[in-house]
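One structure is given below, encoded as structure tokens.
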Amino acid sequence: MLLVLGRRVSLSFVKRVITHDPVLFSKPILHNFRTIKFGLIHSSIVFASATRQNTDTMPERRPFVRLPTDVYPVNYGLCLKPDLIDFTFNGKLEAIVEVNLATNQIVMNCADIDIITASFVPEGGEGEEINATGFNYQNEDEKVTLSFPSALQTGSGTLKIDFVGELNDKMKGFYRSKYATPAGEIRYAAVTQFEATDARRAFPCWDEPAIKATFDISLIVPKDRVALSNMNVIDRKPYPEDDSLLEVKFATTPIMSTYLVAFVIGEYDFVEGQSSDGVTVRVYTPTGKAEQGKFALEVAVKTLPFYNDYFNVPYPLPKIDLIAIADFAAGAMENWGLVTYRETALLIDPKNSCSSSRQWVALVVGHELAHQWFGNLVTMEWWTHLWLNEGFASWIEYLCVDHCFPDYDIWTQFVSADYTRALDLDALDNSHPIEVNVGHPSEVDEIFDAISYSKGASVIRMLHNYIGDEDFRKGMHSYLLKFQHKNAATEDLWDCLEQASGKPIALVMSSWTKQMGFPIIVVDQEQQGDDRILKISQKKFCASGPHNGEDCPNWMVPISICTGEDPGCTKLKVLLDSPETTITINNVSPDQWVKINPGTVGFYRIQYSSAMLESLLPGIRDLTLLPVDRLGLQNDLFSLSRAGMISTVEVLKLMEAFVNEPNYTVWSDLSCNLGVLSSLLSHTDFHEEIQEFIRDLFTPIGLKLGWECKQGEGEPPGAGGHLDALLRGLVLGKLGKAGHKPTLEEARRRFKDHVEGKQILSADLRSPVYLTVLKHGDSATLDTMLKLHKQADMQEERNRIERVLGAISAPDLIQKVLTFALSEDVRPQDTVSVIGGVAGSSKHGRKAAWKFVKDNWEELHNRYQGGFLISRLIKLSVDGFAIDKMAAEVKSFFESHHAPAAERTVQQCCENILLNAAWLKRDADDIHQYLLKRKAPPV
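Numbering (the UniProt record's numbering), first residue to last: 1 to 939.
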């Protein structure tokens with residue numbers, strides 16, 4: 001599943017909230033929104049120390065118990081009849097089951113479903129049908145126990161259950177999704193979202209990933225509606241009891257987990273293609289918008305053969321459908337053969353979609369199609385191993401996009417979108433290991449976060465680099481063959497990769513997956529004749545400063561080293577398996593620099609001695625360091641300044657060296673970090689000085705790029721065109737938001753022409769222009785923007801406007817935007833980004849958004865209960881505070897307003913607030929002096 005995590009790559013200006021997910025409400029370039037969910041630990045006081053253990057103040061749950069194994073399913077025969085007017089459904093289940101152990105009860109998962117009758121028929125017709133005499137619902141555990149008057153004997157039989165349920169409006173289970181017909185009539189589709197634990201809301205089942213079975217699905221639907229499921233349709237016939245209905249029967253699925261089952265009933269158009277290996281691919285779009293499915297179709301048709309070849313295992317189903325769902329919580333979901341998406345993660349309009357949206361769609365399609373093998377064909381044994389599914393898909397989606405669109409420079413973008421984001425989150429005391437023991441569904445929801453996705457992807461990237469592509473592919477192939485149609489744990493993948501590469505994979509990787517955090521590598525050097533001697537040590541890096549406790553964990557760290565002689569080539573690789581070591585590099589002249597971690601692949605921060613750092617800095621100005629290494633160097637120093645290990649002034653000086661920088665991703669990361677700093681300094685009386693710094697830094701690149709795309713940009717993007725379009729949007733938005741007068745004037749002029757229909761803004765310029773005019777706008781500007789929102793026919797354009805509305809400055813208008821967030825005009829999954837936009841835009845916006853969340857908590861929690869959107873909402877609303885007492889206030893509010901699926905997020909936010917406050921106390925005066933001094937006339 002793709003989460004909409006707050007991607008770090010914030011579009012242009014939409015400022016990054018100090019880091020998670022899923023798949024991001026600042027529109028990430030990368031993942032518009034990445035789909036993701038979130039995590040859990042408990043803490044009794046606001047936490048300042050790196051070593052304090054978390055203690056629990058939340059109500060204790062009964063220990064979680066997995067389902068008994070005395071009866072298990074072999075095949076589910078499932079027929080569902082949804083009512084799209086009354087929002088209910090009737091269901092009939094006939095499951096072939098195997099009784100392993102004679103028992104008079106069957107325990108299954110079941111939630112929000114009423115069972116009407118249940119019976120068991122032993123195979124072979126010798127036994128009579130045995131009617132269940134009781135249904136005992138354990139609501140907290142989402143289970144039901146069916147009791148029978150006598151023991152069911154070992155062997156096969158059929159379990160028959162008639163039941164009814166509700167087509168809910170919670171975007172989970174079997175739910176209703178609201179849409180408007182081309183004529184403007186409001187209607188509802190019936191759709192599914194089962195991962196992680198919501199198949200039980202559609203039919204009683206053994207809803208655990210390791211309890212696999214085959215499925216025969218039939219749907220009884222209005223005959224003017226499209227009905228889809230995992231497999232192809234094998235029969236359509238009139239429903240005898242009502243001639244306005246059809247019964248649609250689908251082919252038997254392969255053996256699969258319940259969370260991957262899907263069905264959709266609604267009104268859709270489609271475009272169709274065929275991959276070179278013969279799989280039928282369809283992209284389903286809202287009626288009248290088939291054209292907008294063509295880009296995703298092109299990506300999918302290229303992607304299937306790429307994975308087929310990479311894994312050396314064919315795609316096992318006859319078809320795959322990709323479908324855009326109006327109300328959808330995540331970014332997308334990899335249901336086998338029927339992949340569901342937010343509209344913004346699938347639909348591209350050649351005239352009205354921006355470059356970042358095209359890139360996001362390509363990545364999300366790549367992510368979900370990778371799951372068809374990694375997750376669907378081979379499935380994790382339990383949610384503890386979720387990271388394997390998501391981390392792997394979050395890594396290989398980039399490999400796939402790099403194959404389809406080499407001009408996107410996507411691996412550099414990975415570093416800013418996933419790698420640095422994961423480092424930020426994992427430096428907190430309230431992070432968690434990649435592998436987490438989880439039980440209760442709310443705990444499962446919590447691990448859909450940046451650790452499972454982005455850290456997971458980052459350590460797989462490091463592992464791939466350590467093993468080499470050939471052995472990695474060999475190991476992947478044997479893993480998929482060995483475990484196809486089965487379940488596997490993390491260790492099973494390590495075994496296969498170890499056999500393929502001959503390297504100690506399990507030993508190395510367990511240090512990265514079983515303990516939380518990562519090391520900071522401290523490096524010093526001395527020259528001895530023609531050799532360079534490096535002294536390297538590791539200790540745990542914490543957001544509050546280096547870990548100085550007794551029991552400091554160690555990692556097995558693959559370390560690569562390059563020199564100024566050939567910055568793109570690794571001169572030496574070592575595995576650091578102890579707290580410290582000394583390395584000799586031969587034939588390095590005294591005037592050459594030495595760099596650790598070329599390509600920024602190893603998952604760690606680096607602290608160089610001042611002499612080593614000094615020697616690297618010219619490589620930023622003259623661009624001899626690779627873009628990904630220029631980015632990594634700056635990002636490490638920024639992180640060290642937040643942790644109090646160096647002064648923030650040092651980072652500001654370094655940032656000024658990026659004046660010649662041409663690379664989009666490097667600017668994007670600089671922009672994110674300056675956004676964090678700007679947010680921090682909004683708590684001071686010299687916020688304007690940091691705006692001036694931002695204007696000075698971004699003006700030269702802004703002048704160079706201008707407003708119009710140059711020859712070679714545009715459709716189709718020429719070499720560099722895609723990245724230039726992203727960079728122009730980023731830079732103009734940054735300048736506009738910071739109050740750069742010429743940018744503001746030009747934005748207002750272009751906005752006026754756009755609104756009057758004289759000259760429509762290109763899609764890539766809309767976000768920066770909208771943001772700029774709103775930031776410096778009045779009530780008329782806001783009204784115009786809301787009118788544009790109402791008129792927009794495309795969800796992408798509505799989202800684009802929703803994300804920037806919070807930039808408005810006047811307190812009464814901020815209130816108007818917050819009220820709008822909960823109105824009918826905003827889809828439920830998008831309310832979060834409107835509120836987040838307000839919180840991230842100004843000091844006043846932050847206070848107003850937090851008050852709004854508290855005042856409307858009941859409605860918001862009810863809307864997103866248990867899903868990852870609640871975590872996202874909390875994070876966006878409070879992460880930017882920088883006063884100690886706010887951490888206590890946030891903690892206290894959530895002690896009396898429980899949000900079980902967001903417990904860990906609340907702790908991470910409180911920790912971030914305290915870290916911000918400490919940072920401000922420590923560095924505010926020095927930053928102020930520096931900003932004043934750089935503008936002072938020379939004496």
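Note that beta-carbon positions come from the ideal geometry of N, C-alpha and C, so glycine has one too.
Burial state of residue i (16 or more Cβ within 10 Å)
i    : result
P59  : Low confidence applies here, because P59 scores a pLDDT of 42, under 50, leaving its location unreliable; read the following figure in that light. By the 10 Å Cβ count, P59 comes out exposed.
P209 : buried
S823 : exposed
E903 : buried
N548 : exposed
K891 : buried
H897 : exposed
I221 : For the sequence presented, residue 221 should be read as Val rather than Ile. Buried, since its Cβ has 16 or more Cβ neighbours within 10 Å.
A807 : buried
N660 : exposed
Beta-carbon proximity list for residue i, same chain, < 7 Å, skipping 5 on both sides
i    : result
V107 : L67, P68, K143 and T145
R863 : P828
L480 : F311, V313, W373, L377 and V378
L297 : V271, G273, V281 and V283
N308 : D277, P314 and Y315
Cβ-Cβ distance between residue i and residue j below 8 Å
i           : j    : result
T280        : G366 : no
R421        : A450 : yes
I96         : T158 : yes
I161        : P73  : no
L735        : R750 : no
F306        : C400 : yes
T133        : F148 : yes
residue 945 : E802 : Look at the range of the chain in this structure, 1 to 939, and you will see that residue 945 is not part of it.
E229        : L101 : Correcting the residue identity first, residue 229 is Ser in this sequence and not Glu. Their beta carbons are not under 8 Å apart, which means S229 does not touch L101 by this criterion.
D622        : I585 : no
N168        : D112 : yes
V523        : M612 : yes
Boundaries (first-last residue) of the alpha helix (DSSP H) holding residue i
i    : result
Q592 : That residue, Q592, is in no alpha helix (DSSP H); it is neither H nor E in DSSP.
F263 : Note, F263: premise wrong, no alpha helix (DSSP H); beta strand (DSSP E) at F263 to G266.
P305 : K294 to F311
Straight-line gap, residue i to residue j (C-alpha atoms, nearest Å)
i           : j    : result
M462        : G475 : 15 Å
S779        : A738 : 20 Å
I814        : V838 : 7 Å
F203        : V264 : 15 Å
F405        : P122 : 56 Å
D242        : D114 : 24 Å
P63         : D445 : 17 Å
Y453        : L246 : 41 Å
A324        : Y268 : 9 Å
E713        : T684 : Model confidence at E713 stands at a pLDDT of 49, short of 50, so the residue's coordinates are unreliable; what they give is reported in the following sentence. Going by the C-alpha atoms only, they are around 41 Å apart.
L93         : L152 : 18 Å
E756        : L788 : 11 Å
residue 999 : A848 : Lying outside 1 to 939, the shown extent of the chain, residue 999 is not represented and no answer is given.
G391        : V601 : 15 Å
A882        : G675 : 14 Å
N136        : C110 : 11 Å
N437        : H776 : 49 Å
E889        : S218 : 52 Å
G568        : D349 : 38 Å
residue 941 : K535 : Within the shown structure, residues of the chain are numbered from 1 to 939, placing residue 941 beyond reach of any answer.
Residue i: first and last residue of the uninterrupted beta strand (DSSP E) it sits in
i    : result
F215 : T214 to P222
M645 : That residue, M645, is in no beta strand (DSSP E); it is neither H nor E in DSSP.
Residue-level contact to chain D via CB, residue i, 8 Å cutoff
i    : result
P579 : As a matter of chain content, chain D is missing from the structure shown, which is built from one protein chain.
Residues near residue i by beta carbon distance below 8 Å, same chain, minus five either side
i    : result
C552 : K539, K540 and P579
Cut-off 6 Å between Cβ atoms - residues of its own chain near residue i, not counting five sequence neighbours on either side
i    : result
F13  : Bear in mind that a pLDDT of 31 at F13, under 50, signals an unreliable position, so the model cannot answer this.
D198 : K172 and G173
R846 : A839 and G880
L873 : V832
I835 : A821 and A849
Any non-hydrogen atom of the ligand GDP within 7 Å of residue i CB
i    : result
L723 : The ligand GDP is absent from the structure shown, which contains no ligands of any kind.
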